[in-house]
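Only one structure is covered here, and it is reproduced in the block below.
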Amino acid sequence: MSLSVRSKPYIIPEYSLTGDLLAYLTCGLQYRYQNKGTLPPSMPIQLWFGDFIHGVMEESYLKWRDDDWKDFPWDWETQIRRVELDIHNRMQSRGLQPPANLFCPFQGESEHQGLCPDSHHPHKLVASIRAEAAINTWGPHLFPLVDDNEVRLKGIRDMPHYQKGVSRSNYYGVTGIIDVLSSVKLEEASNKNLIIKYLHQDPSFREKLEKLESDKYEVIVDYKGMKRPAIGSPSWKHHYWQVQTYSWLRSLQPDSSPVLIGILFYLNELSLFKEDLLELQREVKENSTDVMPTEGDRELILRWNPKNKTPKLSEPFRNLRSIRMISMDDELLAQSLKEFDNVVEEIEGSIIQEVDGQVIQDSWKTNPDKRTCDACDYKTFCKTSASTKKLTVP
Ligand SMILES: [Zn+2]
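In our numbering, the protein residues as written are 19 to 412.
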């Protein structure tokens, strides 16, 4: 009697644009340990906060829509804290623990002391300060424009340089999640709406609106738990590709209207802490950011000594820096898709090398960068880490 040999399962590898492809671009080896490792789950600070703030914005939208929390500003202790704990509990059930200096997980009297030094819980730590700023700054303007939240996008692409018997699959899947704003909601909105104001100040948006053939259009939205990247920096480019690709994925959905523009919210800009402000200070000196400060803000930034408390920058400046409009461009869309094909090819190549028996550290690229490495859990055994110190706030 002969036993039939089970054939290899047919898999189509699926890549999330932010969770996989952008994470890989940050550092391949970190991505490998993070996602495909047998180590206990832990998360670089940047990733934990990105997930957290995304969840907080989504949940806040639902509270605004369904629970009649219509009036802003929301109170931190009685309202925002509830949203935060919902998201924290959800993340914890996926094994994602908050970094101790970032979020106070205290839930009530039964809770043991936890990691905070004193017992006056709950503490409003960095993640909470940012959540509050994000909700109260953008909630009143953004939530009334949302037509559909947490829209799941998915597309299939040819595996780059597919080789029979070597490649894992001849296709790969690419996914993303966005909020969608519709022209209908945009037209209904109050003329005091800040997002509408910024949209109409954007020359490419106005031009696209004039040329539009259909009477409906969409704007897609995503949230970033980071500061606004410098012009031309890797993140600046990667986020551009991300939004182009999202608009392509959205266009594949039968119920969609043309996407005119994408909006990214860089939510750290609403409340900059030391590391972010240091970067901004450098960018202002080098003139390498697209939203430059004027007068008072400029002086506060340039004169700030990192030994002192971070200065309070003006609200219009903070708002403007926290929103980035990305207009859709067919040519650059093709290029963006190609860039992500290349990333998938690299990841698949690393997986194949590992499966063939090459050690992990030699199979995956690293991308040493001081801030990424400082926040990375694997720095102590990474051969190329640029870190010299312990965990910092993102
Ligand atoms: Zn605490």
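Using N, Cα and C, we set each Cβ at its ideal position, and we do this for glycine too.
No experiment lies behind these values; they were computed from the predicted model shown.
Between ligand 1 and the CB of His139, the shortest heavy atom gap is smaller than 6 Å. Remark: the C-beta of Phe124 is in contact range of ligand 1, defined as less than 6 Å to any heavy atom. Between Glu287 and Arg336 the beta-carbon gap is near 6 Å, inside 8 Å, which marks them as a contact. Non-local beta-carbon contacts of Ile214 in its own chain, meaning distances under 6 Å to residues more than five positions away in sequence, involve Ala207 in chain order.
Contact annotation, Phe283 with Ile341: C-beta distance approximately 6 Å; criterion of less than 8 Å satisfied. Contact check for Ile153 against Tyr264 fails: the beta carbons are separated by 7 Å or more. As the crow flies, the alpha-carbon of Val169 is around 17 Å from that of Lys81. For the region 123–203, the full-length alpha helix (DSSP H) segments reaching 4 residues or more read 144–160 along the chain. Here Thr328 has Leu290, Phe291, Lys292, Leu295 and Trp322 as same chain residues with Cβ atoms under 8 Å from its own Cβ, once five neighbours each way along the sequence are excluded. Placement of the Cβ of Cys134 at a distance of less than 6 Å from at least one heavy atom of ligand 1 is found. Approximately 7 Å separates the beta-carbon atoms of Trp94 and Ser146; this is inside 8 Å, confirming the contact. Tyr49 carries a helical assignment under DSSP once its states are collapsed to helix, strand and coil. The residue from Pro116, Met346 and Ile105 with its alpha-carbon nearest to that of Ile279 is Met346.
Leu282 is bridged by DSSP to Asp240 and Arg342.
Looking at Ile174, Val198 and Ser232, the one whose alpha-carbon comes closest to that of Val192 is Ile174. Counting C-beta pairs with one atom in each stretch, the region 112–123 and the region 248–256 have fewer than three that are closer than 8 Å, which means they do not touch. Shortest Cα-Cα distance from Leu114 to any of Val309, Asp69, Val302 and Glu228 involves Asp69. Separation of Gln52 and Gly46 (C-alpha to C-alpha, rounded to the nearest whole angstrom) is 10 Å.
Distance from Gln181 to Cys394 at the Cβ level is roughly 33 Å; contact not present, criterion being Cβ atoms closer than 8 Å. Judged by their CB atoms, Ala151 and Val74 are not nearer to each other than the 7 Å cut-off. If you keep only unbroken alpha helix (DSSP H) runs of at least 4 residues inside the region 377–402, you get 378–381 and 388–392. Taking 3 residues as the minimum length, the beta strand (DSSP E) runs contained wholly in the region 295–378 are 341–345, in order along the chain. Beyond the five residues adjoining it in sequence on each side, Glu357 comes within less than 6 Å, by CB distance, of Trp259 in the same chain, given in chain order.
Just so you know, the alpha carbons of Gln376 and Gly367 end up roughly 12 Å apart. Here Val277 is bridged, per DSSP, to Glu236. With fewer than 16 neighbouring CB atoms inside 10 Å of its own CB, Thr312 falls in the exposed class. Pro158 and Asn107 have their C-alpha atoms roughly 26 Å apart.
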